[in-house]
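In what follows, a structure is listed as structure tokens, so that the remarks can point back to it.
2 protein chains.
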Amino acid sequence: MNKPLLNKYADQTAMLVAIDCIVFGFDGENLKILLIKRGFEPAKDQWSLMGGFVGKGEDLEAAAGRVLFELTGLNNVYLEQLKTYGEPLRDPYARTVCVAYFAFIDIKKYQNQLSDEYHAEWFQIDEAPQLIFDHNEMVEEARKRVRYKAALHPILFELLPQKFTIPQLQNLYEQVYATRIDNRNFIRKVTSTGLLIKLQEKDKSGSKRGAFYFKLDKKKYKAKFQSFLNFIPNPDQLLG
Amino acid sequence: MNKPLLNKYADQTAMLVAIDCIVFGFDGENLKILLIKRGFEPAKDQWSLMGGFVGKGEDLEAAAGRVLFELTGLNNVYLEQLKTYGEPLRDPYARTVCVAYFAFIDIKKYQNQLSDEYHAEWFQIDEAPQLIFDHNEMVEEARKRVRYKAALHPILFELLPQKFTIPQLQNLYEQVYATRIDNRNFIRKVTSTGLLIKLQEKDKSGSKRGAFYFKLDKKKYKAKFQSFLNFIPNPDQLLG
DNA sequence: ACAAAAGTGTTAGTTCTACACCCATGT
DNA sequence: ACATGGGTGTAGAACTAACACTTTTGT
């Protein structure tokens, strides 16, 4: 801005604004998050969420997208603003307000080599290390938000490849909610949404019989995304 | 912070951080929002949300609470972080990242005289004027969020006085969703939650017969706040 | 007596959950 | 032939939505 600051503005304290991303991935077995080894002080070499400062003329979501691209080489990642953290001492070095985003990526699209400079690693959520600043709290809130949202909306499809099987999908829900789901009821629910298109092809990697692949009906997915779908039985009990 | 900035930090652009509050109130008839006439440039004398800059050692939520207190004279207001807005040009005067909160207050507790310096006024939402910057967008998103959340959680009680009648409560839901609700089904739902304690006293202002007052069972309210309560029939259709 | 809002029950349809067996295939 | 995971059906319970009349009381 090249205008002179007005009185009301002039007295204010400017702060750094950062974004951090909680990146979730699913490898078919476990739900994971992507962490990096921080390359600079403070807290150099400690595990951390991937983040970065918001640039001068940069929008918040654009900053998150940029940071994700730097880390994963992926664009068009599912990205949602989680919450903004502004506790004055959260970053011991400078007053930094942090807008946290969570992201879902198809873990198989992740290009490990691209992120060598960050020493990025996937962790099972329960086995994740201690993180810097308030990042553990962010991860916890992101998990809660994901559980909340996925109980009502078909958000978890963003974690799967384009072709997936229903057992894979069920396993993903079971991971997210750390619970067992009855497969007959689950299949009935997901198919009754009309969101899935059955393919001829089968995935034989998981069993001898093989499981049919499905893909998302993109149009219906977009149309129904805001509907309450109720994938999870008794969700109340699982949201703690 | 009195340490020297590190390289990684030193190059970054500091920004102003503000909070804005979408303050909802309910007068028994209509759902309203509280707006002020902005007292300083830019956009002096235009209608605006109540807001303020985040102070040097101040937490975000504390800043929102402070601003609300300045405006209404009330403490312990229901306050929830909505979303953070950071479009680079959203404030034409200086790069300002804004953390928006929404608040619910019992409109009768509002002390009009305290806010004379802001020229605050209650507006029916549909009759609200054009607001500065991106504030109209914030109001729209807050309305959506309230509709979403109130369909599942007993949040709207925060808008009512301690004693309220079921017809008042129903009217509030009807205002929020701009819909008519069947009173028999509504009563059954709210009473079956166990959240209400019936008082002996009646409110005779609305009818000759009078309607019994109820109050919240605070313990159950806290315990059940996270449960999915489903107050609204077919909520999908109403959330647009 | 009547107007105006409060309060009360029932039924049919839908959805939810719990539950157990057969199927297809590779080895 | 058998082991492994994939896929299918049903019945009882719970919940939802649609629906209309009686009660109370101030005027």
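Residue numbers (this note's numbering), protein chains in the order written: chain Y, 117 to 356; chain X, 117 to 356.
Think of the CB as a built atom: it goes at the ideal place given N, C-alpha and C, for glycine as much as any other residue.
Since we're looking at a predicted model, the values are computed, not measured.
Buried or exposed by the 16-neighbour rule on C-beta atoms within 10 Å, applied to residue i
i	result
proline 245 (chain X)	exposed
histidine 251 (chain X)	buried
leucine 205 (chain Y)	exposed
lysine 362 (chain Y)	Residue 362 (chain Y) lies beyond the range of chain Y shown here (117 to 356); nothing can be said about it.
glycine 173 (chain Y)	exposed
glycine 310 (chain Y)	exposed
arginine 304 (chain Y)	exposed
asparagine 118 (chain Y)	In this prediction, asparagine 118 (chain Y) has a pLDDT of 44, which is less than 50 and means its spatial position is unreliable; what the coordinates show is noted afterwards. By the neighbour-count rule (16 or more Cβ atoms within 10 Å), asparagine 118 (chain Y) is not buried but exposed.
glutamate 96 (chain X)	There is simply no residue 96 (chain X) to check, as chain X begins at 117 and stops at 356 in what is shown.
alanine 294 (chain Y)	exposed
glycine 141 (chain Y)	buried
lysine 320 (chain X)	exposed
lysine 324 (chain X)	exposed
lysine 314 (chain X)	exposed
glutamate 274 (chain X)	buried
isoleucine 291 (chain X)	Residue identity differs from the one stated: residue 291 (chain X) is glutamine in this sequence, not isoleucine. When all chains shown are included, glutamine 291 (chain X) counts as buried.
arginine 154 (chain X)	buried
glycine 326 (chain Y)	exposed
tryptophan 163 (chain Y)	buried
Beta-carbon gap between residue i and residue j smaller than 9 Å
i	j	result
alanine 258 (chain Y)	isoleucine 138 (chain Y)	yes
leucine 151 (chain X)	leucine 132 (chain X)	no
cysteine 214 (chain X)	aspartate 207 (chain X)	yes
phenylalanine 239 (chain X)	lysine 318 (chain X)	no
isoleucine 282 (chain X)	phenylalanine 302 (chain X)	yes
glutamine 197 (chain X)	leucine 355 (chain Y)	no
phenylalanine 280 (chain X)	tyrosine 329 (chain X)	yes
glycine 189 (chain X)	glutamine 128 (chain X)	no
isoleucine 248 (chain X)	alanine 179 (chain X)	no
asparagine 123 (chain Y)	phenylalanine 156 (chain X)	yes
alanine 219 (chain X)	valine 193 (chain X)	yes
leucine 285 (chain X)	valine 306 (chain X)	yes
glutamate 177 (chain X)	tyrosine 217 (chain X)	yes
aspartate 352 (chain X)	lysine 224 (chain X)	no
glycine 168 (chain X)	arginine 182 (chain X)	yes
alanine 236 (chain X)	leucine 187 (chain X)	yes
glutamine 278 (chain Y)	lysine 340 (chain Y)	no
glutamate 256 (chain X)	tyrosine 201 (chain X)	no
Where the alpha helix (DSSP H) containing residue i begins and where it ends
i	result
glutamine 197 (chain Y)	From DSSP, glutamine 197 (chain Y) is part of no alpha helix (DSSP H) but of the beta strand (DSSP E) over 194-201.
glycine 181 (chain X)	176-188
leucine 355 (chain Y)	No alpha helix (DSSP H) holds leucine 355 (chain Y); DSSP gives it neither H nor E.
glutamate 317 (chain X)	Per DSSP, glutamate 317 (chain X) belongs to no alpha helix (DSSP H); it is in the beta strand (DSSP E), 312-319.
valine 139 (chain X)	It is not in any alpha helix (DSSP H) - valine 139 (chain X) instead sits in the beta strand (DSSP E) that spans 130-142.
phenylalanine 302 (chain Y)	299-308
alanine 126 (chain Y)	123-126
Bounding residues of the beta strand (DSSP E) (the contiguous stretch that carries residue i)
i	result
tyrosine 217 (chain Y)	212-222
tyrosine 329 (chain X)	327-332
glutamate 256 (chain X)	Counting along the chain, glutamate 256 (chain X) falls outside any beta strand (DSSP E), though it belongs to the alpha helix (DSSP H) covering 251-266.
isoleucine 152 (chain Y)	147-153
glutamate 290 (chain Y)	Premise fails: glutamate 290 (chain Y) lies in the alpha helix (DSSP H), 282-293, not in any beta strand (DSSP E).
phenylalanine 169 (chain X)	166-169
glutamate 237 (chain Y)	237-240
So if I threshold CB-CB distances at 7 Å, which residues from the segment 325-352 of chain Y count as touching chain X? Listed in chain order, the positions of the segment 325-352 of chain Y with a beta carbon within less than 7 Å of a beta carbon of chain X are Gln342, Ser343, Phe344, Pro351, Asp352.
Between the segment 335-347 of chain X and the segment 260-280 of chain X, do three or more beta carbon pairs fall short of 8 Å? Cβ pair count under 8 Å is three or more, so yes.
For the segment 123-135 of chain X, which residues have a beta carbon sitting closer than 7 Å to at least one beta carbon of chain Y? Here the close residues are Lys124, Tyr125, Gln128, Thr129, Ala130, Met131, Leu132, Val133.
Closer than 7 Å, Cβ to any Cβ of chain Y: which residues of the segment 202-236 of chain X, in chain order? Per Cβ criterion, the list reads Gly202, Glu203, Pro204, Tyr209, Ala210, Arg211, Val213, Val215.
Check distances from the C-beta atoms of the segment 147-177 of chain Y to those of chain X and list, in chain order, the residues that come in under 9 Å. Residues of the segment 147-177 of chain Y that bring their beta carbon within less than 9 Å of a beta carbon in chain X comprise Gly155, Phe156, Glu157, Pro158, Phe169, Val170, Gly171, Lys172, Gly173, Glu174, Asp175, Leu176, Glu177, in sequence order.
Within 7 Å of chain Y by C-beta, residues of the segment 294-321 of chain X in sequence order: So nothing in the stretch comes that close.
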